[in-house]
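In terms of the working numbering, the sequence shown opens at residue 142 and continues consecutively. Positions of the beta carbon are idealized from the N, C-alpha and C atoms, including for glycine. These numbers were taken from a predicted model, which means no experiment stands behind them.
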Amino acid sequence: MSDQGYSAAEMMTVAAARRLKNGTVCFVGIGLPSTAANLARLTHAPDVVLIYESGPIGAKPSVLPLSIGDGELALTADTVVSTPEIFRYWLQGGRINVGFLGAAQIDRFANINTTVIGPYDKPKVRLPGAGGAPEIAALAGEVLIVLKQNAKTFIDKLDFITSAGFLDGGDSRAKAGMPGKGPVAVITDLGILTPDPVTRELTLTQLHPGVTVEEVKAATGWDLRVANDLATTEPPTAEELAALRALKQRTAEAHGEVAA
Numbered sequence: 142m143s144d145q146g147y148s149a150a151e152m153m154t155v156a157a158a159r160r161l162k163n164g165t166v167c168f169v170g171i172g173l174p175s176t177a178a179n180l181a182r183l184t185h186a187p188d189v190v191l192i193y194e195s196g197p198i199g200a201k202p203s204v205l206p207l208s209i210g211d212g213e214l215a216l217t218a219d220t221v222v223s224t225p226e227i228f229r230y231w232l233q234g235g236r237i238n239v240g241f242l243g244a245a246q247i248d249r250f251a252n253i254n255t256t257v258i259g260p261y262d263k264p265k266v267r268l269p270g271a272g273g274a275p276e277i278a279a280l281a282g283e284v285l286i287v288l289k290q291n292a293k294t295f296i297d298k299l300d301f302i303t304s305a306g307f308l309d310g311g312d313s314r315a316k317a318g319m320p321g322k323g324p325v326a327v328i329t330d331l332g333i334l335t336p337d338p339v340t341r342e343l344t345l346t347q348l349h350p351g352v353t354v355e356e357v358k359a360a361t362g363w364d365l366r367v368a369n370d371l372a373t374t375e376p377p378t379a380e381e382l383a384a385l386r387a388l389k390q391r392t393a394e395a396h397g398e399v400a401a
């Protein structure tokens with residue numbers, strides 16, 4: 142907890158939630174994306190439609206799901222369809238406005254790795270894998286990515302590209318035939334990075350309160366570009382913090398502190 146009365150993780154979650162507009166159809170990943178998306182639903186975006194790849198549409202969980210198979214999602218959804226329908230009709234059909242993803246690692250062009258750390262055949266760490274993230278990253282109208290920032294997560298070259306951001310930068314994503322806009326923002330516990338409109342390289346455009354440019358650069362594995370008109374994130378409001386903490390508390394009571 143900072144002297145400001147909220148933690149860096151809370152600032153990250155709130156900043157990510159704010160990016161989700163009311164009425165948006167959002168394909169949600171488990172973990173940080175799910176926390177941010179549900180915070181948005183509980184605050185400024187009550188009519189957001191949350192979709193999980195197991196089939197729930199319009200999920201309104203009272204506690205954070207442990208996985209895409211958590212019964213809370215199905216019980217609180219407007220309807221539940223098959224996983225093939227989620228991908229064929231909703232995602233491939235262009236009906237998903239925003240894909241909300243997490244990552245283990247990310248590079249300067251917002252490509253993400255959730256597969257392995259180290260060589261694929263003999264990795265140092267084997268990560269959870271792709272799930273539906275590659276399709277979401279390629280086909281959603283736009284993508285939001287949320288993860289904590291340090292030199293081990295923001296690296297110059299990924300060991301494995303699980304889900305494409307802007308590949309090698311420039312127009313390489315379009316040349317690969319991906320219809321979605323790709324990542325429009327990467328929200329971290331230090332600030333917000335957005336892709337340059339031409340090169341597509343991630344650029345620091347917003348700092349969270351109390352964070353310096355030097356701290357963000359030290360937590361980045363490449364020479365990070367910084368916007369000339371660098372903005373400062375508005376601190377969490379009392380309403381946002383209360384909603385987030387209540388959500389976490391309900392989750393801890395239901396599933397234990399680790400899940401929350």
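*Tell me whether F301 sits in a helix, a strand or coil according to DSSP, three-state version.*
Locating residue 301 in the sequence shown gives position 160, where the first residue counts as 1. The answer is coil: DSSP assigns F301 none of H, G, I, E or B.
*Between Q347 and E194, what straight-line distance do the alpha-carbon atoms span, to the nearest angstrom?*
Along the sequence shown, read from residue 1 onward, the residue named residue 347 stands at position 206. Along the sequence shown, read from residue 1 onward, the residue named residue 194 stands at position 53. Answer to the nearest angstrom: the Cα atoms are 31 Å apart.
_Status (buried if at least 16 other CB within 10 Å, exposed otherwise) for A292_ = Within the sequence shown, numbered from 1, the residue matching residue 292 stands at position 151. Its Cβ having fewer than 16 others within 10 Å, A292 is exposed.
*Looking at the structure shown, is L366 part of a helix, part of a strand, or coil, going by DSSP?*
As a first step, residue 366 must be located in the sequence shown, where it is residue number 225. One point to set straight first is that residue 366 is Arg, not Leu, in the sequence displayed. R366 falls in the strand class under three-state DSSP.
*Compute the distance between the beta-carbons of D422 and G259, then report whether it is under 8 Å.*
The requested residue 422 does not occur in the structure, where the chain is confined to residues 142 to 401.
*Could you tell me whether the segment 147–163 touches the segment 177–193, where touching means 3 or more Cβ pairs closer than 8 Å?*
yes
*Enumerate in chain order the residues of its own chain whose CB-to-CB distance from L365 is below 7 Å, with the five nearest sequence positions on each side excluded.*
The sequence position of residue 365 within the sequence shown is 224, counting from 1. Result list for L365: L345, V357, K358, in chain order.
*Beta carbon of A244, beta carbon of G323: below 8 Å?*
Counting from one through the sequence shown, the residue named residue 244 turns up at place 103. Counting from one through the sequence shown, the residue named residue 323 turns up at place 182. Going by C-beta atoms, A244 is not nearer than 8 Å to G323.
*Tell me whether Q246 sits in a helix, a strand or coil according to DSSP, three-state version.*
Residue mapping note: residue 246 aligns to position 105 of the sequence shown, counting from 1. Residue state, collapsed to three classes: strand.
_Going residue by residue through the segment 203–231, where are the continuous beta strand (DSSP E) segments of at least 3 residues, counting only ones entirely within it?_
none
*Counting along the chain, where does the alpha helix (DSSP H) carrying V357 start and finish?*
Stepping through the sequence shown from its first residue, residue 357 is reached at position 216. 354–359 is the extent of the alpha helix (DSSP H) around V357.
*In three-state terms, what does DSSP make of A271?*
What you label residue 271 is simply residue 130 of the sequence shown in a count that begins at 1. In this structure, A271 counts as coil in the three-state DSSP scheme.
*According to DSSP, is E375 helix, strand or coil?*
Indexing the sequence shown from 1 puts residue 375 at position 234. Residue state, collapsed to three classes: coil.
_DSSP three-state label for Q390, please._
What you label residue 390 is simply residue 249 of the sequence shown in a count that begins at 1. In the structure shown, Q390 sits in a helix (DSSP, three-state: H, G or I).
*T255: which of I237, I286, L232 sits nearest, CA to CA?*
Stepping through the sequence shown from its first residue, residue 255 is reached at position 114. Here the closest residue by C-alpha is I286.
_Distance check for Q290 and P377, CA to CA, integer angstroms please._
On the sequence shown, position 236 is the one that residue 377 refers to. On the sequence shown, position 149 is the one that residue 290 refers to. Rounded to the nearest angstrom, the two C-alpha atoms are 19 Å apart.
*Can the beta-carbon of A402 be found less than 8 Å from the beta-carbon of S304?*
The structure shown has nothing for residue 402, since the chain only spans 142 to 401.
*asked:* Using the Cβ count rule (16 or more neighbours within 10 Å means buried), how would you classify D211?
replied: On the sequence shown, position 70 is the one that residue 211 refers to. It counts as buried.
*I253 and L242 closer than 8 Å at C-beta*: Here residue 253 refers to the residue found at position 112 of the sequence shown. Here residue 242 refers to the residue found at position 101 of the sequence shown. In contact: I253 and L242 (Cβ atoms closer than 8 Å).
*Quick one: what's got a C-beta closer than 7 Å to Q233's C-beta in the same chain, skipping five residues either side?*
For the purposes of this step, residue 233 is taken as residue 92 along the sequence shown, with counting starting at 1. Around Q233: L280.
*Distance CB(V284)-CB(G321) smaller than 8 Å*: What you label residue 284 is simply residue 143 of the sequence shown in a count that begins at 1. What you label residue 321 is simply residue 180 of the sequence shown in a count that begins at 1. Closer than 8 Å, so yes.
*State the beta-bridge partners of E283 as determined by DSSP.*
Your numbering for residue 283 matches position 142 in the sequence shown. Answer is V239.
_Suppose you measure from the CA of L288 to the CA of T329; what does that come to, to the nearest Å?_
Here residue 288 refers to the residue found at position 147 when the sequence shown is read from its first residue. Here residue 329 refers to the residue found at position 188 when the sequence shown is read from its first residue. About 5 Å.
*Round the Cβ separation of P336 and F307 to the nearest angstrom and send it over; I've been treating them as touching at under 8 Å.*
As a working note, residue 336 is residue 195 in the sequence shown. As a working note, residue 307 is residue 166 in the sequence shown. Contact flag correct, Cβ pair sits at about 6 Å.
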